[in-house]
Amino acid sequence: MKRSGNPGAEADFCVMTRLLGYVDPLDPSFVAAVVTITFNPLYWNVVARWEHKTRKLSRAFGSPYLACYSLSVTILLLNFLRSHCFMQAMLSQPRMESLDTPAAYSLGLTLLGLGVVLVLSSFFALGFTGTFLGDYFGILKEARVTVFPFNILDNPMYWGSTANYLGWAIISPAPAGAVGSEARQPHGPAPDGAGGPHLHSGPPIRRALHR
């Protein structure tokens, strides 16, 4: 059999194949976690784009701020549900003994700490409406956000959240969490620097979509 000319790709494939061997895809908890991880960003992207085109939420609530706050409540509730489903899946999925070590536990804690720093600093940099899709409601920032952590990487809230879930997966230690963390990485339209595609003809602003 002819070998691929890309050893890195072969190594990645072998690692992913090994991880998938510890995943029970028919476990109801795992299915629920995958569904919430997939549904949540689809929900708020669709609702936010619909609001941006129609302004129906702003008219219904009588204010773009009230509409944005209302959407943020549903986003937070869905995020709590997603986190609960993820943790239940970690408890019910097969464990990888090679990850059940002090070194792996320390790595998991480090990833959790890094993730918390990135998520919280992103939130404080963007503000409440900036974090919860305020630009779709016409609530725009005066200038592009360039302070930490946006001055060191794009999509810091994405990566912070992914680091949190990967850290929990390592601490568990359940490889299914690593699969879920991979599913949370930013894909799709080109981001505007904080987790979402451009929807405006004006200057881009920093924001996040809470994936």
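In terms of the UniProt record's numbering, the sequence shown is residues 1 to 211.
Positions of the beta carbon are idealized from the N, C-alpha and C atoms, including for glycine.
Would you call the segment 28 to 41 in contact with the segment 63 to 74, where contact means no fewer than 3 C-beta pairs closer than 8 Å?
no
If you compare alpha carbons, which of 102, 157 and 128 is closest to residue 172?
Counting from 1 along the sequence shown, the entry for residue 172 is found at position 172. With distances taken between Cα atoms, residue 172 lies closest to 102.
Assuming residue 24 and residue 93 are in contact, meaning their beta carbons sit under 8 Å apart, how far apart are those beta carbons, in whole angstroms?
Walking along the sequence shown from the start, residue 24 turns up at place 24. Walking along the sequence shown from the start, residue 93 turns up at place 93. About 6 Å separates the two Cβ atoms, so the contact holds.
Would you check if there are 3 or more beta carbon pairs closer than 8 Å linking the segment 74 to 88 to the segment 38 to 54?
yes
For a quick check, are the C-beta atoms of residue 133 and residue 71 less than 8 Å apart?
Here residue 133 refers to the residue found at position 133 when the sequence shown is read from its first residue. Here residue 71 refers to the residue found at position 71 when the sequence shown is read from its first residue. In contact: residue 133 and residue 71 (Cβ atoms closer than 8 Å).
Contacts around residue 87, its chain only, beta-carbon distance under 8 Å, and the 5 residues preceding and following it disregarded
By one-based count along the sequence shown, residue 87 stands at place 87. Excluding residues within five positions, the ones whose Cβ falls inside 8 Å are 168.
Supposed contact pair residue 128 and residue 58 - C-beta distance, whole angstroms, cut 8 Å:
Taking the sequence shown and counting its residues from 1, the one referred to as residue 58 is at position 58. Taking the sequence shown and counting its residues from 1, the one referred to as residue 128 is at position 128. About 17 Å; that fails the 8 Å criterion.
Span separating the alpha-carbon of residue 156 from that of residue 123:
As a first step, residue 156 is located in the sequence shown; it is residue number 156 there, counting from the start. As a first step, residue 123 is located in the sequence shown; it is residue number 123 there, counting from the start. Answer to the nearest angstrom: the Cα atoms are 10 Å apart.
Closer than 6 Å by C-beta to residue 114: which residues in its own chain qualify, once you throw out the five before and the five after it? Chain order, please.
To locate residue 114, count along the sequence shown from 1; it is residue 114. Once the five neighbours on either side are set aside, the close Cβ partners of residue 114 are 163.
Determine the closest residue to residue 150 out of 47, 125 and 75, with distance taken between C-alpha atoms.
Along the sequence shown, read from residue 1 onward, the residue named residue 150 stands at position 150. Considering only alpha carbons, the answer is 125.
Assuming residue 152 contacts residue 111 (C-beta within less than 8 Å), just tell me the rounded distance between them.
Here residue 152 refers to the residue found at position 152 when the sequence shown is read from its first residue. Here residue 111 refers to the residue found at position 111 when the sequence shown is read from its first residue. The pair is not a contact, with the Cβ atoms about 17 Å apart (cut-off 8 Å).
Which two residues bound the contiguous alpha helix (DSSP H) that contains residue 41?
The residue labelled residue 41 in the question sits at position 41 within the sequence shown. It spans 28 to 54 - the alpha helix (DSSP H) in which residue 41 sits, taken as one unbroken run.
Please report how far the alpha carbon of residue 140 lies from the alpha carbon of residue 130, in whole angstroms.
Reading the sequence shown from its first residue, position 140 is the one you call residue 140. Reading the sequence shown from its first residue, position 130 is the one you call residue 130. Approximately 8 Å between the Cα atoms of the pair.
Quick one: what's got a C-beta closer than 7 Å to residue 50's C-beta in the same chain, skipping five residues either side?
Within the sequence shown, residue 50 is the residue found at index 50, counting from 1. Taken in chain order, the list of residues that qualify is empty.
For residue 97 and residue 144, the rounded distance between their alpha carbons
For this step, residue 144 is matched to residue 144 along the sequence shown. For this step, residue 97 is matched to residue 97 along the sequence shown. Using only the alpha carbons, I get a separation of about 46 Å.
Could you check if residue 160 is buried or exposed, using at least 16 other CB atoms within 10 Å of its CB as the buried criterion?
Position 160 of the sequence shown, counting from 1, holds the residue named residue 160. Under this definition residue 160 is a buried residue.
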